[in-house]
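Residue numbers (this note's numbering), protein chains in the order written: chain B, 14 to 379; chain F, 14 to 379. Glycine residues also receive a C-beta, built at the ideal position from the N, C-alpha and C atoms.
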């Protein structure tokens, strides 16, 4: 197979159905994080993810899997994506059902397909390194029955990420290895040990595999999900696909691809990389990866006049001015009908705050 | 003269041309404090001032003196006021030129006129007491060549107000007295002494006099201003009035009525009153006169979820929710394209902040 032919079998699945309240009031239930233009670049995280894949695969082989609630916003943000490339999940499940459906869908279109599966709401600063890593990873999974995850070189003992422990290298390049173990989010002490060993990498949630490989893994390691989707054999890639999905998908268990497959399979590999990556999972993560003033303040898009403020993240719309004094280590986030002024150190409470806002003031505010 | 005839000679001048940046971002250069509905009652402070005078005098004898910049907003807020009752100052001066012009204007309409002159941006909670005080004061000034100011019973040693020291009572009612002295804003120690003597009252900026009395006082105590407006004799109350004013008014000195007349004249009296009054001159003043939660927080119109906040004033539009944690003694004021988060104790800096905003970001923000 020459390079062009290989490219013609390469698909990308962008998972963009997630909801998330941790960035409230910037993210809203009808406009979660992946649809936001966090950095004022003019492109949302989803759009950036899409753009980033264009050198790897043709647009007609980029599949978006999302919740039906986000159909309109996806049409608005990515009007160039063909209708048939948007897979609308009829119910909120976790990543395993999403991955399984997408693999069936793609396999029906191309039995030789390999797939890059990506979250839609992460930050990647080193784009050309990303391209090299993906291309190398695709070559690797196309060469056999292999499940590959990208492990990111950790830059701090972060307790908000899962870690992957690398095992023996495969081949001679040295940056693809067998996975020795997956670990849940560690405590700080453990994370420091992880970092010191040099064996642990952040679990990025980016995966590569052949369509047939991942479906074989479902059959073996997550037969419950496999059985549900196997029943659609013959419907995938046909007009009957959505009829089947609307009926079957809600029966799928809510389970992550890590838990369903990656932590169990024996053909799992990790490709290590340094991508300038953040999952932007929290206001703190956004704060960490943003440029700072000498007083360690961060300004997201808006105009700010800060007197005697330190370590504070200001986020508002570009036409807004925020004047603040005396804030230390705060989030100030203003968007539409909601304003949040909260200590950065207590951001884990924001999820609960949003639930309280919903209960007391209704869904217009979340 | 019977009551009805008296009423037909009673005029009210509402001074509503003031600009003021201390309530930024609620007050804006194109919508100063008097045009704001601070308490969410559906009526602005100006509208409330107008409404409050209706039992005292007929609407056709309520004159608004304002800056030409505010013509549109006055038309919007008080459409029932006749065109000829809106006096548009062609330049920003202080209160003396405003008072002098209005007196000439009214005298030309009615040589028997008495005038209540009022600021447009104060809070008065005890409305029926206000009516009694005004009616009694009008009777007093209509009976002679007297200049009367209302002195408010002080409820605290406030350092933001001027004080009036009362002298000998006039007549037997006991609440109208000669003025012994006017004082500038005192320091706290002095204000406490003032309070303890029982002789000092807050200078409200509300005045009553006959039109001819105040003009006689101008001739005697502020001949510079008097000369400028005396030149318009014959034009007042005619179509030529505005032609004259547009030419003459800008030549008037910028001087307050207190400084020009009240502190110098020997026929100045004070009527003491307890009106539930605040000049709402500062965020702190607004805070002080607003109902509070057990944590001493104040909510102006908007929805608030405050965790671990104390002594904080939240002001935003009614459809906005503010979620805040850990703020002690702050102003949080959000309006349009500007958000202010500032320690209440430092509010005297807000004026300077607004100047800085203007210099750095332009007039759209002030």
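Handout entry: Proximity test, Cβ basis, 8 Å: residue 85 (chain B) and chain F
Key = For residue 85 (chain B), the answer is no, since every Cβ of chain F falls outside 8 Å of its Cβ.
Practice task
Take the Cβ of residue 54 (chain B) as the centre, count every other Cβ of all protein chains shown within 10 Å, and call the residue buried at 16 or more, exposed below.
Solution key: In this structure residue 54 (chain B) is exposed. Its beta-carbon is surrounded by fewer than 16 other beta-carbon atoms within 10 angstroms.
Handout entry: Run of the alpha helix (DSSP H) containing residue 297 (chain B), from where it starts to where it stops
Key = Judged by DSSP secondary structure, residue 297 (chain B) falls within the alpha helix (DSSP H) whose first and last residues are 296-301.
Practice task
Determine the contact status of residue 248 (chain B) and residue 254 (chain B), defining contact as a CB-CB distance below 8 Å.
Solution key: It is a contact, given that the beta carbons lie within the stated cut-off.
Exercise for the section: Could you spell out where the beta strand (DSSP E) holding residue 310 (chain F) opens and where it closes? Expected result: Careful: residue 310 (chain F) lies outside any beta strand (DSSP E) and carries neither H nor E.
Handout entry: Pair within 8 Å by beta-carbon distance, residue 190 (chain F) and residue 283 (chain F)
Key = Yes, the Cβ-Cβ distance between residue 190 (chain F) and residue 283 (chain F) is below 8 Å.
Handout entry: Residues within the stretch 334-366 of chain B neighbouring chain F, beta-carbon criterion of under 7 Å
Key = From the stretch 334-366 of chain B, only 334, 335, 336, 337, 338, 339, 340, 345, 347, 350, 351, 352, 353, 354, 355, 356, 359, 366 have a Cβ closer than 7 Å to chain F.
Practice task
Tell me whether residue 200 (chain B) is buried or exposed, calling it buried when 16 or more other Cβ atoms sit within 10 Å of its Cβ.
Solution key: Residue 200 (chain B) is exposed by the Cβ-count criterion.
Handout entry: For residue 293 (chain F), three-class secondary structure by DSSP
Key = Three-state DSSP puts residue 293 (chain F) in coil, outside helix and strand.
Handout entry: residue 328 (chain F) versus residue 312 (chain F): straight-line alpha-carbon distance, rounded
Key = Taking the Cα positions, residue 328 (chain F) is about 6 Å away from residue 312 (chain F).
Practice task
Ignore the nearest five residues each way along the sequence and tell me which others in residue 193 (chain F)'s own chain have a CB closer than 7 Å to its CB.
Solution key: Counting only Cβ-Cβ distances below 7 Å, and skipping sequence neighbours, we find 178, 179, 180.
Practice task
Tell me, please, which residues DSSP counts as bridged to residue 382 (chain B).
Solution key: Residue 382 (chain B) is absent from the model: chain B starts at 14 and stops at 379.
Exercise for the section: Please confirm if residue 308 (chain B) has its CB atom under 8 Å from at least one CB of chain F. Expected result: Not an interface residue.
Handout entry: Proximal residues, the stretch 311-325 of chain B versus chain F, C-beta separation under 7 Å
Key = Legend: CB atoms of the stretch 311-325 of chain B lying less than 7 Å from CB atoms of chain F belong to residues 316, 318.
Practice task
Out of B:72, B:14, B:51, state which residue places its alpha-carbon closest to the alpha-carbon of residue 295 (chain B).
Solution key: Closest option to residue 295 (chain B), Cα to Cα, is B:51.
Exercise for the section: Please list, in chain order, all residues of the same chain as residue 214 (chain F) whose beta carbon is under 7 Å from its beta carbon, the five residues on each side excluded. Expected result: Sequence-distant partners of residue 214 (chain F) (beyond 5 residues in either direction) whose C-beta falls short of 7 Å from its own C-beta, in its chain, are 164, 165, 166, 167, 176, 177, 179, 283, 285.
Exercise for the section: Give a yes or no on whether the C-beta atoms belonging to residue 133 (chain B) and residue 58 (chain B) are separated by under 8 Å. Expected result: Yes, the pair counts as a contact, with Cβ atoms nearer than the cut-off.
Practice task
State the beta-bridge partners of residue 178 (chain B) as determined by DSSP.
Solution key: Bridge partners of residue 178 (chain B): B:194, B:213.
Exercise for the section: Could you list which residues in chain F have their beta carbon closer than 9 Å to that of residue 374 (chain B), in chain order? Expected result: Under the 9 Å cutoff, chain F gives 316, 318, 334.
Practice task
Identify whether residue 80 (chain F) lies in helix, strand or coil by the three-state DSSP scheme.
Solution key: In this structure, residue 80 (chain F) counts as strand in the three-state DSSP scheme.
Handout entry: Where residue 62 (chain B) falls: helix, strand or coil (DSSP)
Key = In the structure shown, residue 62 (chain B) adopts helical secondary structure according to DSSP, grouped into three states.
Practice task
Would you decide whether residue 161 (chain F) is buried or exposed? Buried here means 16 or more other CB atoms lie within 10 Å of its CB.
Solution key: Buried, since its Cβ has 16 or more Cβ neighbours within 10 Å.
Practice task
Using a Cβ cut-off of 8 Å (strictly closer), state whether residue 370 (chain F) contacts chain B.
Solution key: The C-beta of residue 370 (chain F) comes closer than 8 Å to at least one C-beta of chain B.
Problem - The beta strand (DSSP E) enclosing residue 282 (chain B), as first and last residue numbers - result: That run of the beta strand (DSSP E) goes 281-286.
Practice task
Look at the alpha carbon of residue 123 (chain F) and the alpha carbon of residue 14 (chain F), and state the distance between them as a whole number of angstroms.
Solution key: Their backbone Cα atoms lie some 15 Å apart in a straight line.
Practice task
Taking 8 Å as the cut-off, decide whether the C-beta atoms of residue 38 (chain B) and residue 352 (chain B) are in contact.
Solution key: Taking 8 Å as the Cβ cut-off, residue 38 (chain B) and residue 352 (chain B) qualify as a contacting pair.
Practice task
Please state whether DSSP places residue 223 (chain B) in a helix, a strand or coil.
Solution key: In the structure shown, residue 223 (chain B) sits in a strand (DSSP, three-state: E or B).
Exercise for the section: Whole angstroms is fine: what's the gap from residue 233 (chain F)'s alpha carbon to residue 197 (chain F)'s? Expected result: Looking at the two C-alpha atoms, the distance is approximately 23 Å.
Exercise for the section: Tell me, please, whether the CB atom of residue 109 (chain B) is closer than 8 Å to any CB atom in chain F? Expected result: Chain F contact via Cβ: absent.
Exercise for the section: Going by DSSP, name the residue or residues bridged to residue 146 (chain B). Expected result: Residue 146 (chain B) is not bridged to any residue.
Problem - C-beta neighbour in chain B for residue 378 (chain F), strict 8 Å - result: Chain B has a Cβ within less than 8 Å of the Cβ of residue 378 (chain F).
Handout entry: Neighbour-count burial assignment, residue 47 (chain F), 16 or more Cβ in a 10 Å radius
Key = Buried is the label assigned to residue 47 (chain F), since at least 16 other Cβ atoms lie within 10 Å of its Cβ.
Practice task
Could you say which of B:92, B:237, B:153, B:99 lies nearest to residue 226 (chain B) if we only look at CA atoms?
Solution key: Out of B:92, B:237, B:153, B:99, the CA that lies nearest to the CA of residue 226 (chain B) is found in B:153.
Practice task
Kindly indicate the opening and closing residues of the beta strand (DSSP E) around residue 102 (chain B).
Solution key: Start and end: 99-102.
Practice task
Could you tell me if residue 244 (chain B) is buried or exposed, where buried requires 16 or more neighbouring beta carbons within 10 angstroms of its beta carbon?
Solution key: Exposed.
Exercise for the section: Just the C-alpha distance for residue 145 (chain F) and residue 121 (chain F), rounded to the nearest angstrom, thanks. Expected result: Taking the straight line joining both Cα atoms gives about 28 Å.
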